[in-house]
Structures are given as C-alpha cells and as structure tokens.
Amino acid sequence: MSAGSRLALPWRILVVATAAVLVWLFLGALLGRAYDRPTHAIGAVLTTAVVVPLVVVARRGLDRRPWAGLGLPSLRAGWRRLLFGLACWLVPAAAGFALCLGLGWVEISVRTSVGDVLRVAALLVVLVFLKEALPEELVFRGYLQHNLATRLPAWQAGVGQAVLFTVFGFLVGAARSVDRLALFFVFALLLGAFRAATGDIWAGIGLHVAFQTVAQLFGDVGAVFDVGGADVLGVVAMGAVPFSVSWLVLRHHYRDRLNWRALAPEPGASRG
Numbered sequence: 015m016s017a018g019s020r021l022a023l024p025w026r027i028l029v030v031a032t033a034a035v036l037v038w039l040f041l042g043a044l045l046g047r048a049y050d051r052p053t054h055a056i057g058a059v060l061t062t063a064v065v066v067p068l069v070v071v072a073r074r075g076l077d078r079r080p081w082a083g084l085g086l087p088s089l090r091a092g093w094r095r096l097l098f099g100l101a102c103w104l105v106p107a108a109a110g111f112a113l114c115l116g117l118g119w120v121e122i123s124v125r126t127s128v129g130d131v132l133r134v135a136a137l138l139v140v141l142v143f144l145k146e147a148l149p150e151e152l153v154f155r156g157y158l159q160h161n162l163a164t165r166l167p168a169w170q171a172g173v174g175q176a177v178l179f180t181v182f183g184f185l186v187g188a189a190r191s192v193d194r195l196a197l198f199f200v201f202a203l204l205l206g207a208f209r210a211a212t213g214d215i216w217a218g219i220g221l222h223v224a225f226q227t228v229a230q231l232f233g234d235v236g237a238v239f240d241v242g243g244a245d246v247l248g249v250v251a252m253g254a255v256p257f258s259v260s261w262l263v264l265r266h267h268y269r270d271r272l273n274w275r276a277l278a279p280e281p282g283a284s285r286g
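Positions in the sequence shown are counted from 1; adding 14 to them yields our numbering.
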C-alpha cells in the first residue's frame with residue numbers, strides 16, 4: 015500500500031502518544047497506588063505485554079513500514095550497545111556517589127543484609143526493564159522519535175520526543191513538579207541523543223535500566239537503604255554527574271556519526 019494511504023504523520027504521532035498515556039493510566043488504575051513487590055511485578059509484565067504489541071500494530075497498521083525502523087534489533091545484535099548504555103551511566107554515577115559520600119553531603123546505611131540488597135537489585139533490573147526501559151524506549155525513542163526524524167532534522171526530532179515524553183510524564187502522574195518535569199525532559203534529551211547516535215534504542219535501554227534501577231534501589235521502592243541527603247544524591251550522583259559524562263562520552267565515541275541536521279532513512283520507503 016502506498017505511503018499516501020497512511021495517516022498523516024501528526025495524526026500517527028498523536029494516536030500513539032495518546033495510546034501510551036491511556037495504557038499507563040489504565041494499568042495504574044488497575045493495579046492501584048499502594049506499592050508491593052508482587053503488584054510491581056504484575057505491572058511490569060503487563061506493561062511490556064500491552065505496549066510491545068501496541069507499537070507493532072502502529073508500525074504495521076499506521077506506518078505500513080517494517081519493524082526495522084523502530085531501532086530494536088535482536089539482543090544478539092545490540093548487546094554491546096546495551097552494555098555501553100549501562101556503563102555510560104553507572105561508571106560516572108559511582109563516582110558521583112563517592113563524591114557525595116566523601117564530602118559528607120550524603121549518608122547511606124543498609125537496612126538489611128548484603129544478600130538481600132543484591133537480590134532486590136537483581137529483581138529491580140528485570141522489573142525496570144519490563145515496566146519502564148523497554149516499553150518507554152520503544153514508544154518514545156523507537157516509534158515517535160524515528161517517525162519525527164524521517165521528516166525533521168535529528169535535533170528537532172530529539173527535542174520533539176523529549177517534549178512528548180515530558181507531557182506523558184505529567185499526564186500519567188509521574189512528573190507533576192517542576193523538578194520532575196525538568197528531569198523527564200533532560201533525561202529524554204539524553205536518551206534521544208543515544209538513539210540518534212547509535213541508530214537503535216539498545217544503548218538507551220541500558221542507560222534507562224541503570225538510572226531507574228539505582229534510583230528505585232536507593233528509594234522507597236527498594237526499601238533496603240536509609241539515605242540522608244537524598245535530594246543531593248539524586249541531583250548530583252544520579253543526575254548531573256552521570257548525565258553530563260554520558261553526553262560527553264557519547265559525543266566522543268560517536269563523533270563521526272552524529273549529524274544533528276540529517277533526516278533518518280525510512281526502511282521500505284523512498285519517503286517516510
């Protein structure tokens with residue numbers, strides 16, 4: 015079927031962005047606000063089980079283009095970029111933690127055994143992957159950013175998806191304060207840069223998993239640490255230091271591939 019028979023790009027963006035908001039709102043209402051680990055696990059599985067088919071249907075039915083354009087090749091093809099994304103956040107974040115602890119800005123004590131901490135951390139990696147990293151990267155950096163990038167320069171597509179991600183965070187209740195809105199926007203810009211530079215979403219998934227897992231582990235979700243100075247830890251060790259260093263590493267590592275004025279090719283079509 016010809017590209018002319020498809021919905022116009024703005025409508026496709028609106029349909030998928032709206033569907034994502036509705037899915038997260040529905041699952042939030044279904045599972046309730048009270049937190050417990052089994053509910054977290056159910057929510058994670060349901061999120062991926064609903065969102066991945068949603069994006070597949072949108073790509074096939076609305077875009078009428080192959081899966082390849084979404085930037086999610088097999089793990090066998092993308093595992094190095096996944097590890098790259100993990101390392102880009104974890105290594106500078108560890109330095110940020112050391113800085114905050116060394117200067118006395120933050121105090122951290124363990125509530126339980128080291129074994130329990132490791133078990134919770136391993137579980138959170140899986141849950142974050144299923145509930146946040148995979149579905150959110152597939153929708154926003156996979157579907158939405160790619161579609162925008164077929165018509166707009168890469169930098170405009172990156173900003174566009176960051177705005178959509180921030181609005182999404184506000185509408186689903188995850189970003190209702192100024193600081194949370196700023197976090198969503200800056201985080202999405204960084205993830206969009208990884209998407210533009212690497213050509214797929216695996217590095218972004220890795221960075222997303224690292225950030226969310228550590229944030230939840232040292233917060234109320236993990237419930238294994240007592241943290242004094244949590245705000246400073248969040249801003250410095252989980253935000254400013256790893257975000258800045260990740261951007262610098264990305265610019266250096268992919269300096270020959272970053273072209274912020276380029277349009278993204280659309281597989282299966284001469285025109286996206």
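Just so you know, even glycine gets a beta-carbon here, dropped at the ideal spot from N, CA and C. Nothing here was measured: the structure is a model prediction, and the numbers come from that model.
Inter-residue Cα distance where the pair is residue 25 and residue 194: 28 Å
Residue 149 burial status per 10 Å Cβ neighbour count (16 or more: buried): Answer is buried; the Cβ neighbour count reaches 16.
Opposing strand residues paired with residue 239 [DSSP bridges]: The partner list for residue 239 (beta bridge, DSSP) reads 124.
Start and end residues, alpha helix (DSSP H) containing residue 219: 216 to 231
Best match in 134, 258 and 110 for proximity to residue 203 [C-alpha to C-alpha]: 258
From 252, 277, 142 and 84, residue whose alpha carbon lies closest to that of residue 105: The candidate whose alpha carbon is nearest that of residue 105 is 252.
Option in 159, 29, 52 and 58 with minimal Cα separation from residue 41: 58
Reduced DSSP category for residue 186 - H, G, I as helix; E, B as strand; rest coil: coil
Beta-carbon proximity of residue 206 to residue 175, cut-off 8 Å: yes
C-alpha distance - residue 153 paired with residue 145, whole-angstrom precision: 12 Å
For residue 288, the three-state DSSP class (helix, strand or coil): Nothing can be reported for residue 288: it is not among the residues displayed for the chain, which extend from 15 to 286.
Beta-carbon proximity check, residue 124 vs residue 238, cutoff 8 Å: yes
Residue ranges of each beta strand (DSSP E) within the stretch 89 to 136, 3 or longer: 121 to 124
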